[in-house]
Each structure stands twice: as C-alpha cells, then as structure tokens.
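One structure is given here, and the rest of the page talks about it.
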Amino acid sequence: MRSLSHRLGVLSMLALSLAAADARADIFAAVNVAAPPPRTDLDVAIVNASTGSRVSLPSAVNTTAFEIHPSISSDGRRLLFQRFGGSDGIRLLLVDTSTGDRADLFTTNEIAASPIFNSTIEGDGTTVATGRRFRQLQFSSGIRFAPEVTFTDVRAFPTGPYPRVPLLLPTYNAPGSVLDVAFGGNDRFVFHLLPATGLGQLMLFQAGRSPALLSSAAADLGRPAMRADDSPLLVPAFYEHRTYSASTHSFGNSNLGQRTADSNVFGGTNPSVFSPGPINTPADESQPALTRNGRYLAFVRHGSDGRDRLFVRDLSTQTFLNPNGVDLGQVATRGIGSVSLYERAVITSSRITLTGGVNATLTSASSIGILVQRIVGESRVRGQVEYELEAVGRVPLGFFGAGKARTQWDLEVDGEPLPPGRYLVTLRAVEGDVVRELGEPQVLKIHKRGNAHTPAKEER
107 MRSLSHRLGV
117 LSMLALSLAA
127 ADARADIFAA
137 VNVAAPPPRT
147 DLDVAIVNAS
157 TGSRVSLPSA
167 VNTTAFEIHP
177 SISSDGRRLL
187 FQRFGGSDGI
197 RLLLVDTSTG
207 DRADLFTTNE
217 IAASPIFNST
227 IEGDGTTVAT
237 GRRFRQLQFS
247 SGIRFAPEVT
257 FTDVRAFPTG
267 PYPRVPLLLP
277 TYNAPGSVLD
287 VAFGGNDRFV
297 FHLLPATGLG
307 QLMLFQAGRS
317 PALLSSAAAD
327 LGRPAMRADD
337 SPLLVPAFYE
347 HRTYSASTHS
357 FGNSNLGQRT
367 ADSNVFGGTN
377 PSVFSPGPIN
387 TPADESQPAL
397 TRNGRYLAFV
407 RHGSDGRDRL
417 FVRDLSTQTF
427 LNPNGVDLGQ
437 VATRGIGSVS
447 LYERAVITSS
457 RITLTGGVNA
467 TLTSASSIGI
477 LVQRIVGESR
487 VRGQVEYELE
497 AVGRVPLGFF
507 GAGKARTQWD
517 LEVDGEPLPP
527 GRYLVTLRAV
537 EGDVVRELGE
547 PQVLKIHKRG
557 NAHTPAKEER
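Structure below.
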C-alpha cells in the first residue's frame with residue numbers, strides 16, 4: 107500500500123496541472139435502517155447480508171440523532187458515518203466496532219465553514235475520502251471552480267493526529283459539490299460530482315492518466331462503487347442511474363448501471379444500465395457496493411410497500427444470496443443512505459473432483475451443498491469469460507463442522523444423472539433457504555451420463 111502522502115502527491119500534481127483474489131465469506135453490510143419506534147430518525151446497522159442478523163455495535167454509534175452514510179473497513183473494525191440533528195451539529199465520526207473508541211475527523215467549526223458530503227473509508231482502514239464544495243479559483247481568464255476532495259490519514263486513530271491532503275480536480279465554470287468517492291485498486295477513484303447547473307456526473311481518476319467524465323442530459327448519475335483490489339483486469343464501476351425529464355423537470359426511478367473503469371472507455375454521454383431483470387426492476391434500486399474482489403454486488407431496493415431491502419448478488423453464478431432480501435425497515439434511504447461491505451471467511455478452499463469427490467475447508471460449522479448450472483453460452487467481457495447460465499438444481503450435502511469437509515456427489519441432480527454438456531458447479535455454505543457464501547465455481551464437462559472431466563482453459 108502506498109503511503110497517503112506519496113499517493114496523493116502524485117494525484118494532486120496531476121489534478122492541479124489539469125485544473126490549470128479470491129476471498130469467499132459471509133457477507134456483512136453497513137447500512138442505514140429505520141430507528142426503533144417511536145423514534146423517526148435513522149440508525150446505522152451492520153447486518154449479515156444473507157440472514158439479516160445484526161452485529162452488536164458500541165453505544166457510541168446510534169443516538170436519537172440521524173446517523174447516515176456508513177462506510178466500513180474490509181476487516182469490519184473501523185466504521186465511519188455522519189451524525190446530524192443533535193445539539194452539536196454535523197459530525198463525521200470514526201468508531202472502532204470492537205473497542206468502542208471513537209474520534210471526530212472534523213470539528214464542528216470546520217464543517218460549518220466548509221461543508222462536508224459523503225465520506226468513504228479505504229478498505230485497509232488507513233484513509234478517509236470526504237467530498238467538499240468546489241473550490242473557487244482565480245485565473246487570468248476568469249473564475250473557475252475545482253471539485254475538491256479531502257483525504258484524511260487515520261492511521262493514528264483513535265488518538266490522532268489526522269493529517270489531511272486536499273485533491274483538486276479539473277475545473278468547471280460553475281460551482282458545485284463532490285457528493286461521493288469510491289476507492290478502487292491501482293490508485294483508481296470514481297468521484298460523484300454535482301455541478302450547480304446540471305445533473306450528477308461521474309469522474310474516473312487515476313494517476314498517470316487523463317480523467318474521464320461520464321454524464322447524461324437524461325439521467326442523474328451517482329453513488330459509484332468499484333472493486334478495491336489491485337486487479338490487472340479491466341473492472342467495472344457500478345453506479346446509480348436516475349432518469350430525468352428536461353421537459354417536466356422531474357425525476358423517475360433509480361436503477362443500477364455499470365461502466366468499465368478504464369479512462370479509454372469510461373467517459374461519454376451515454377451511460378449504460380442493466381437490462382430489466384434480476385437487478386433492475388420497476389422499483390428503486392440504489393446504493394451499490396462491492397466486496398473488495400468485486401465478486402459480490404450489494405444494493406438497496408425500495409419496494410412498493412415503502413420498505414427498503416438489501417440484496418447481494420454473486421456476479422460469478424448470477425444468483426442472490428437471499429432472493430427475498432434483508433428487510434431494513436419502513437424507510438427510504440436512497441438520498442442519504444450508503445451500503446458498505448466486508449467479509450468473514452466460511453469456505454477457505456473447495457474442490458469438486460472429476461468423480462464427484464467434494465473437498466472443502468470450513469472456518470465454522472455449516473450446511474453445504476452444490477449449485478449446478480448448465481452453460482448455454484459465453485462471451486468475453488472486460489477480458490474475462492462470462493457465462494450464460496441455466497439453472498439445473500441444488501444438491502444438499504449435509505452439515506459439517508469446522509475444518510476439513512469431505513463427501514461424495516454422484517453427479518446427479520434430483521436423482522437424475524447430468525446429461526452431456528458443460529456445467530458450472532459451485533460449492534455453497536447455506537443456512538436454511540439462504541446462501542452464506544459460495545466457493546470458487548468450477549467448469550465440468552459431461553461426455554456421457556456419469557462421466558465428467560474438468561476442461562482445460564482452451565476448452566472452456
């Protein structure tokens with residue numbers, strides 16, 4: 107991990123010149139939820155994204171004020187959020203979920219003088235990025251406005267000090283605000299910008315490359331999310347896409363879109379959204395978040411019953427951990443909520459052999475089974491093979507304690523041998539009807555009933 111001063115030094119020089127592996131785990135989400143009655147404010151909760159069970163939080167977290175915009179480190183230890191509505195104004199708080207230690211990252215006077223917007227903590231828990239108002243700059247040609255982000259070094263938490271580095275982005279001819287920041291691997295960031303004279307825009311920013319701006323005259327874009335490891339692959343950035351009618355000056359539903367996080371293809375004025383289906387529906391989908399390796403995508407859906415529900419989708423098998431979602435309460439958090447994810451390993455290794463032997467290592471006791479999907483097509487997306495899958499069935503294997511788990515699968519589903527073809531088979535840790543996590547998918551090729559082999563990469 108590069109130091110904050112080194113990394114931000116490189117990024118700042120670029121910006122100012124322009125202005126002038128495979129982790130498998132239980133998934134937990136830091137989210138906004140409705141406060142318990144009779145309160146009408148919002149609380150922060152950490153929920154198991156499969157079962158909905160909640161993690162106990164220190165008393166320093168929730169009060170009768172509004173706690174919003176949670177962001178959590180990848181070890182689940184450092185929880186960042188804003189508090190407002192109390193007697194001491196707006197605060198940006200960092201809390202250790204184990205010890206209860208806490209710290210204010212800005213004073214109330216600093217926030218009053220220069221407002222803050224969404225803040226995000228980097229996965230390793232060392233740096234916090236905070237959106238600010240555009241900074242007014244005087245040039246010989248006139249006044250310009252530079253989007254500003256404050257990076258705060260929190261390695262000395264909880265005692266401090268917390269040194270800060272400002273980053274100024276390429277300038278606009280009107281004021282505005284930086285509403286959100288997404289950390290990505292390889293020193294990538296996506297910023298959510300809201301100019302005073304337009305709709306929300308997204309800027310991909312990476313050292314050594316020109317920034318790329320994604321905007322639309324017919325949609326308000328925001329809430330970016332990226333995988334945060336240093337993958338050499340072309341990875342997607344996800345975001346909210348809320349339709350806008352210029353003729354009626356009104357907004358429609360919010361859905362999710364994605365864009366490859368590479369400056370050569372990210373920008374433009376035609377943002378893409380997911381086709382209607384498992385992710386996007388006639389309801390509102392918002393607040394996308396990704397696990398560090400980008401395998402799991404989380405979002406909040408606001409239903410017609412007025413309740414928010416958290417969904418997590420495994421992008422490898424194209425299935426939801428909990429198809430019904432986790433109920434977050436009678437609340438609408440699209441405008442002020444956030445989702446942030448971390449993982450706790452359950453399956454540390456898994457292998458399904460050619461003869462149906464199943465070998466796995468579990469960190470805790472769990473029921474396990476196999477998800478079987480037929481491969482009916484494939485394409486290459488961002489340099490990776492993406493399969494078109496057809497559900498075949500699920501094979502329960504029983505309950506196993508922590509440690510080594512070994513059992514045998516007869517290469518049948520619901521008592522029927524698999525017909526010839528290619529299949530994606532994935533070990534799952536389950537609890538009742540929901541999935542705790544999934545192992546690494548494997549491709550099996552059935553030549554004749556009961557005879558399988560694992561294709562080499564060139565066969566797949």
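Just so we're aligned, residue 107 is where the sequence shown starts under the working numbering, counting upward by one.
The beta-carbon is built from N, C-alpha and C at its ideal position, and this holds for glycine as well.
All values reported here derive from a predicted model rather than from experimental measurement.
In the DSSP assignment, ASN215 falls within the unbroken alpha helix (DSSP H) covering 214–219. The C-beta distance from VAL536 to GLY475 rounds to 6 Å, short enough to meet the 8 Å contact threshold. If the five residues before and after SER410 are omitted, its C-beta is found closer than 8 Å to the C-beta atoms of ALA389, all from its own chain and listed in chain order. Distance between LEU477 and THR303, taken at the CA atoms: about 50 Å. Residue PRO342 holds the alpha-carbon nearest to the alpha-carbon of GLY363 among VAL540, PRO342, LEU503. When DSSP states are grouped into helix, strand and coil, ARG398 belongs to the coil group.
Rounded to the nearest whole angstrom, the CA to CA distance from ASN376 to PRO281 is 24 Å. Within the same chain, and ignoring the five residues on either side of LYS510 in sequence, the residues whose Cβ sits closer than 7 Å to its Cβ are THR467. Apart from the 5 residues on each side of it in sequence, VAL139 sits with its Cβ closer than 6 Å to the Cβ of ASP149, ALA151, LEU434, GLY435 in its chain, given in chain order. For the pair VAL284 and GLY231, the CB atoms are not nearer than the 7 Å cut-off.
Just so you know, the alpha carbons of GLU546 and HIS175 end up roughly 32 Å apart. In the same chain as GLY191, and ignoring 5 residues on each side of it, the C-beta atoms closer than 6 Å to its own belong to ALA171, PHE172, in chain order. When the Cα atoms are used, ARG261 and LEU200 turn out to be separated by approximately 12 Å. Between GLY306 and GLY328, the gap from beta carbon to beta carbon is short of 7 Å.
Between the alpha carbons of PRO429 and ASN279 lies a gap of roughly 46 Å.
Here SER392 carries a strand assignment [DSSP, helix/strand/coil].
Rounded to the nearest whole angstrom, the C-alpha separation of ALA367 and GLU496 is 29 Å. Residue pairing by DSSP places VAL478 opposite GLY499, VAL531 in a beta bridge. By the criterion of a C-beta distance shorter than 8 Å, ARG294 is surrounded in its chain by LEU310, PHE311, GLN312, MET332, ALA367, once the five residues flanking it on both sides are discounted. Following the DSSP letters along the chain, one finds GLY374 in no beta strand (DSSP E), marked with neither H nor E. Straight across, the Cα-Cα distance linking TYR268 with ALA219 is about 19 Å. A distance of 7 Å or more separates the beta carbons of GLY431 and ARG413. Residue pairing by DSSP places ILE133 opposite GLU449 in a beta bridge.
Just so you know, the alpha carbons of SER337 and SER381 end up roughly 26 Å apart. Closest in C-alpha terms to PHE263, from the list VAL271, GLY206, THR256, comes GLY206. Counting the other Cβ atoms within 10 Å of the Cβ of THR454 gives fewer than 16, which makes it exposed. Rounded to whole angstroms, the gap between the alpha carbons of PRO272 and SER156 is 38 Å.
One thing to note: LEU299 has its Cβ no nearer than 7 Å to the Cβ of PRO330. Between the C-alpha atoms of THR459 and GLU494 there is a straight-line separation of about 23 Å.
A distance below 6 Å between beta-carbons, with the five flanking residues on each side excluded, links ARG398 to the following residues of its chain, in chain order: SER180, GLY229, ALA334, ASP335. When secondary structure is reduced to three states using DSSP, PRO272 falls in the strand class.
Per DSSP, the continuous beta strand (DSSP E) segment holding TYR350 begins and ends at 342–351. If you draw a straight line from the Cα of GLN490 to the Cα of LEU340, it is about 9 Å long. A Cβ-Cβ contact shorter than 7 Å links SER456 with LEU533. Contact check for LEU185 against SER225 fails: the beta carbons are separated by 7 Å or more.
For ALA209, the closest of PHE289, SER444, THR265 by C-alpha to C-alpha distance is THR265.
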